Amino acid sequence: MRTTITRRLLDVATAGTALVAALALAGCGSAGPAATPTQPAAAATSSTPAPSATTSPADLVAQVGLTDTDLANGYTVKLMDGGDQVGGQVTLDNCGYDFTTEAHRVARRQVILLTAQGQPAGASNEVVAYDSPDSAAQALTQFRTSVTGCPKGTFEKSTVAGVPDRRYDVSTVTASASLPVKDNAVATLDVSAKGSNEKLFVVLIFQRKGAVLDGTYLQMTTKPTAVDVAAVTQLATISGKRLAAA
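For reference, each letter of the sequence shown is one residue, going 39 to 284 in this note's numbering.
Spelled out as structure tokens, the structure:
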């Protein structure tokens, strides 16, 4: 998740409240104000051809990940700083768990969603290629373990230098039968960083096929509504369909 969950979330914390009115996608349905015509919508004809057997890992993660054509109403994606690099970048960092699979990544691409005004919308998409299907499967297994084994209510040290201790008041993970890729994990986290008065509400959706792990992330400073969760799930479905076809 780029430079770890908490550091990235602290960087975009001011965007969290805007996400309530920013991520309801077409077809999610809502009677509340979040489902306004100014919100991003999935483009009806967006698709990416399945890669050939000779597709490089870097090209594959780019083909699976979200792009501008997946969105409407002026919403776009922007490559994060270091978003197309592996060295010096972190994908999985949760509750002090030692993710040995980080060393097996060979390519990654992470983009953030921007509103029509160019502001972070509180969501991002990261696609990572590993050196083997076993490594990718183990990465997802390690993530599930990091969530289910996370102590509640105590500050845990990160394995990444410079990241503050974090307290996980909510840490749950389930599987979703509705996502395009069967090997998946949907995590809900409520995180507080030591020294900060803000609580961060996080939804992480991972899908794994072969050597590729596709992650779609939602982060807010207010508790996500059902509309917010449906929106990020639809984003995950868009990239997940491309991964399923790869």
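We put the CB at the ideal spot given by N, CA and C, even for glycine.
Just so you know, these numbers come straight off a predicted model, no measurement behind them.
query	result
From V102, D203, T92 and D122, residue whose alpha carbon lies closest to that of G233	D203
Residues of its chain near G191, where Cβ-Cβ distance is below 6 angstroms and the 5 sequence neighbours each way are ignored	none
Straight-line Cα distance separating S170 from V144	9 angstroms
Residue from A225, T263, T153 and A154 with nearest C-alpha to Q245	A225
Residue ranges of each alpha helix (DSSP H) within the segment 80-167, 4 or longer	95-102
Helix, strand or coil at V250 according to DSSP, with G and I counted as helix	strand
Minimum C-alpha distance to K195 - residue among G248, R280, S277 and C133	C133
Residue range of the unbroken beta strand (DSSP E) whose run includes V270	That residue, V270, is in no beta strand (DSSP E); its alpha helix (DSSP H) goes A264 to A283.
Supposed close pair L256, G160 - CB separation, criterion 8 angstroms	6 angstroms
Which residues DSSP lists as bridging F239, in chain order	D228 and M258
CA-to-CA distance, K237 to L227, given in whole angstroms	10 angstroms
Boundaries (first-last residue) of the beta strand (DSSP E) holding S209	R204 to T212
Residues bridged to Q245 [DSSP beta-bridge criterion]	N222 and D252
Spatial distance of S277 from N235 (CA atoms)	34 angstroms
Residue-chain proximity (T210, chain C), Cβ-Cβ < 7 angstroms	Going by chain labels, chain C is absent from the structure shown, which holds only one protein chain.
Cβ-Cβ separation, A100 to R147 (assumed contact under 8 angstroms), whole Å	5 angstroms
Pairwise C-alpha distance: N222 and A167	15 angstroms
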